[in-house]
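In this note's numbering, the protein residues as written are 246 to 350.
Every residue gets a Cβ at the ideal spot worked out from N, C-alpha and C, and that includes glycine.
Being a predicted model, the structure only gives us computed values, none of them experimental.
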C-alpha cells in the first residue's frame, strides 16, 4: 500500500496563508511576482483575474484554498476573516466635533 498516495499535498505556501489574512491584494501580487503560485495564477493575464484581484481578493484566495486543501482549517479562518472584513466595513461612522460659540450682545 502506497502511503504517499493517501496524503494530501498542499502547494500554497504558509507565508501566503498567514499574510493574506491581513493584506490579501499584496499577497496575491507577491505570489505572482515570485512565481510561487504557479498552479493557481495563470501565466496569461486576462481581464477577469485582474478584476477579481482588484474587487474581491478574499473570494479569490478562498477559491485557491478550496482548490488546494478543500474545506479545512485555513479555509474556515479565511471565511471568518472575509465575514469580519465585509461585515464591519460599513458600520464605521466618523463624527465631527463642532465648536459652538455663543455671542453675547
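Under 7 Å Cβ to Cβ from residue i, same chain only, skipping five residues before and after it: list those, please.
i: residue 257; result: 309, 310 and 313
i: residue 298; result: 270, 273 and 305
i: residue 320; result: 307, 310, 311 and 314
Just to check my reading of the structure: residue i and residue j have Cβ atoms closer than 8 Å, yes? What is that Cβ distance to the nearest angstrom?
i: residue 305; j: residue 323; result: Not really, about 11 Å apart at Cβ, beyond 8 Å.
Can you look up residue i in the DSSP assignment and give me helix, strand or coil?
i: residue 323; result: helix
i: residue 276; result: helix
i: residue 267; result: coil
i: residue 306; result: helix
i: residue 297; result: helix
i: residue 257; result: coil
If I measure Cβ to Cβ from residue i and keep anything under 6 Å in the same chain, skipping five residues before and after, which residues do I get?
i: residue 332; result: none
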